[in-house]
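Accompanying notes for the structure given below.
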Ligand code: SF4
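Chains as they are written, first to last, in my numbering: chain L, 1 to 69; chain B, 1001 to 1350.
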């Protein structure tokens, strides 16, 4: 039940966002994320966009490893 | 595989220091770590233990009994995350209640349950609100939407839980925690930073993909080698130190802390969330004047020890024999995120 879904925002209107998760579109609540815009990537849980995704996975891994060495 | 992930893998496989115990708190981590084969990479001296971060697994037996009571005695239409349907209660699961005629419907989101209430004005709809800070905002949004629409046929049976008090209960059970990324996406990192500063508890916030988990594990191993207590956010692309303020404000508006019973960990003071008095009409326990219902877990089940990292699922006598995903004895065997289910699915069983 707790699995997050990362998705691209297609459209935002009246607190609801249409998202595209690997081709599957659905409506989710944008009620707890301000300033969402089409093109943003978000993490979705139980029908609610809970966080913006602000960086690429590979970039983040590079930064973490650089810090370690 | 990128250079960085290769480096991370080398750090993990090359570890030759003292024995380490690392607890993945989150059930989705447990599942993903098995799925990507990370356990097989670990040298023998690194022991990965599963924590209490699967909301289905920590839901007390009595909560299932309460839901069955609402379904069978009060005739409520029960909407729930699908995983809860097969969790054993004292006498039956919700699947058992369904076999007796109860109307039990799986939903993806509490907001879908509000829609079902709107579509069925002649039915009383109850949503089973379980989950941590990640899921609780969606239950709060459902309560707010129902109130705004003036719905009279919707309520919540709450067993929402918060993580920080559970960490306190787990201090000492591992050398470091892999913190659940999506809980921290809501709460921010302050509770974990405080644990590090005040109690010397080490941990990293980890994401969920293979490269995220491998790099988070490498960071953990390297920093444990150094020996100083640490906190690192290894999931900055989603988790900000301050968390999601709107979500925290929403929870604060709709719910308030309460004591909560955790399967295996017992009653942890102020580790739960219940609806505030302004939402009393949407609290199923009050609406139906529910009597106190105390559940009795199956004595054979060691979920409690599994959830605290005191034993491995395979140490349970009925693991894989009397208890399988098709016929679960305890909650940890039901959800994909449960440690017993993950061990069952991915370990070779004779
Ligand atoms: S194997 Fe089954 S009975 Fe044993 S601890 Fe896990 S869920 Fe409980």
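Note that the Cβ used here is the ideal one computed from N, Cα and C, for glycine as well.
With a threshold of 7 Å between beta-carbons, can residue i be considered close to chain L, or not?
i, result
"residue 1341 (chain B)", "no"
"residue 1007 (chain B)", "yes"
"residue 1182 (chain B)", "yes"
"residue 1061 (chain B)", "no"
"residue 1028 (chain B)", "yes"
"residue 1204 (chain B)", "no"
"residue 1237 (chain B)", "yes"
"residue 1306 (chain B)", "no"
"residue 1111 (chain B)", "yes"
"residue 1020 (chain B)", "no"
"residue 1345 (chain B)", "no"
State the start and end residues of the unbroken alpha helix (DSSP H) segment that holds residue i.
i, result
"residue 1011 (chain B)", "1003 to 1013"
"residue 1112 (chain B)", "1110 to 1119"
"residue 1028 (chain B)", "1027 to 1035"
"residue 1182 (chain B)", "1181 to 1187"
"residue 976 (chain B)", "Residue coverage of chain B in this structure runs from 1001 to 1350, which leaves residue 976 (chain B) outside it and unanswerable."
"residue 1063 (chain B)", "1061 to 1072"
"residue 1137 (chain B)", "1136 to 1148"
"residue 1283 (chain B)", "Taken as a continuous stretch (DSSP letters only), residue 1283 (chain B) belongs to no alpha helix (DSSP H), as it is neither H nor E."
"residue 1254 (chain B)", "1245 to 1254"
Mapping the DSSP letters down to three states, classify residue i as helix, strand or coil.
i, result
"residue 27 (chain L)", "strand"
"residue 55 (chain L)", "coil"
"residue 1288 (chain B)", "coil"
"residue 1334 (chain B)", "coil"
"residue 1273 (chain B)", "strand"
"residue 1018 (chain B)", "coil"
"residue 1340 (chain B)", "helix"
"residue 1222 (chain B)", "helix"
"residue 1266 (chain B)", "strand"
"residue 1077 (chain B)", "strand"
Mind listing the chain L neighbours of residue i? Cutoff is C-beta to C-beta under 8 Å, in chain order.
i, result
"residue 1138 (chain B)", "29, 45, 46, 47 and 48"
"residue 1108 (chain B)", "46 and 47"
"residue 1222 (chain B)", "68"
"residue 1319 (chain B)", "The contacting residues do not exist; residue 1319 (chain B) stays about 22 Å from chain L at best."
How about residue i: is its C-beta nearer than 7 Å to some C-beta of chain B?
i, result
"residue 57 (chain L)", "yes"
"residue 40 (chain L)", "no"
"residue 60 (chain L)", "yes"
"residue 3 (chain L)", "yes"
"residue 16 (chain L)", "no"
Residue i touches chain L at which residues, Cβ-Cβ below 7 Å?
i, result
"residue 1185 (chain B)", "43, 50 and 51"
"residue 1234 (chain B)", "64"
"residue 1002 (chain B)", "58 and 61"
"residue 1122 (chain B)", "Going along chain L, no residue has its Cβ under 7 Å from residue 1122 (chain B), so there is no contact; the nearest lies around 25 Å."
"residue 1215 (chain B)", "61, 64 and 65"
"residue 987 (chain B)", "The displayed coordinates of chain B run from 1001 to 1350. Any statement about residue 987 (chain B) would go beyond what the structure contains."
"residue 1141 (chain B)", "29, 31 and 48"
"residue 1154 (chain B)", "Neighbours of residue 1154 (chain B) on chain L: none; closest Cβ ~16 Å, over 7 Å."
For residue i, go through chain L and note every residue whose CB falls closer than 9 Å to its CB, in chain order.
i, result
"residue 1211 (chain B)", "57, 58, 60 and 61"
"residue 1177 (chain B)", "Those do not exist, as residue 1177 (chain B) stays about 17 Å from chain L at its closest Cβ, beyond 9 Å."
"residue 1250 (chain B)", "31 and 32"
"residue 1230 (chain B)", "Within 9 Å Cβ-Cβ: nothing; residue 1230 (chain B) doesn't reach chain L, min ~12 Å."
"residue 1034 (chain B)", "Going along chain L, no residue has its Cβ under 9 Å from residue 1034 (chain B), so there is no contact; the nearest lies around 14 Å."
Just the chain B side, please: which residues come within less than 8 Å of residue i by C-beta, in chain order?
i, result
"residue 33 (chain L)", "1244 and 1246"
Assuming residue i is part of the beta strand (DSSP E), what are its boundary residues?
i, result
"residue 1046 (chain B)", "1046 to 1053"
"residue 1039 (chain B)", "Premise fails: residue 1039 (chain B) lies in the alpha helix (DSSP H), 1038 to 1041, not in any beta strand (DSSP E)."
"residue 20 (chain L)", "16 to 21"
"residue 1305 (chain B)", "Premise fails: residue 1305 (chain B) lies in the alpha helix (DSSP H), 1303 to 1307, not in any beta strand (DSSP E)."
"residue 1097 (chain B)", "That residue, residue 1097 (chain B), is in no beta strand (DSSP E); its alpha helix (DSSP H) goes 1094 to 1099."
"residue 1128 (chain B)", "1125 to 1131"
Inset, instruction - Report yes or no: do the region 1246 to 1258 of chain B and the region 1017 to 1027 of chain B share at least 3 C-beta pairs separated by less than 8 Å? - result: no
Legend entry - Validate contact between the region 1171 to 1188 of chain B and the region 45 to 55 of chain L using beta carbons, cut 8 Å, 3 pairs: yes
Inset, instruction - Determine, using beta-carbon pairs with one atom in the region 1297 to 1305 of chain B and one in the region 1076 to 1084 of chain B, whether at least three such pairs fall under 8 Å. - result: no
Legend entry - Three CB pairs or more closer than 8 Å across the region 1108 to 1115 of chain B and the region 1086 to 1095 of chain B: no
Legend entry - Segment contact, 8 Å Cβ cut-off, at least three pairs: the region 1045 to 1061 of chain B with the region 1323 to 1340 of chain B: yes
Legend entry - At least three beta-carbon pairs within less than 8 Å, the region 1116 to 1125 of chain B to the region 1263 to 1274 of chain B: no
Inset, instruction - Check whether the region 1148 to 1158 of chain B touches the region 1191 to 1198 of chain B, counting contact only when three or more Cβ pairs, one atom from each stretch, lie closer than 8 Å. - result: no
Legend entry - the region 10 to 19 of chain L / the region 1090 to 1108 of chain B touching (three or more Cβ pairs under 8 Å): no
Inset, instruction - Pair every Cβ in the region 1061 to 1077 of chain B with every Cβ in the region 1032 to 1041 of chain B, then say whether three or more of these pairs are closer than 8 Å. - result: no
Legend entry - Cβ contact check for the region 1207 to 1216 of chain B and the region 53 to 65 of chain L: 3 or more pairs under 8 Å: yes
Legend entry - Contact between the region 1201 to 1211 of chain B and the region 1164 to 1177 of chain B (3+ Cβ pairs under 8 Å): yes
Inset, instruction - Give a yes or no on contact between the region 1228 to 1246 of chain B and the region 1258 to 1268 of chain B, applying the rule of three or more CB pairs nearer than 8 Å. - result: no
Legend entry - Sufficient close CB pairs (3 or more, under 8 Å) joining the region 1310 to 1319 of chain B to the region 1338 to 1345 of chain B: yes
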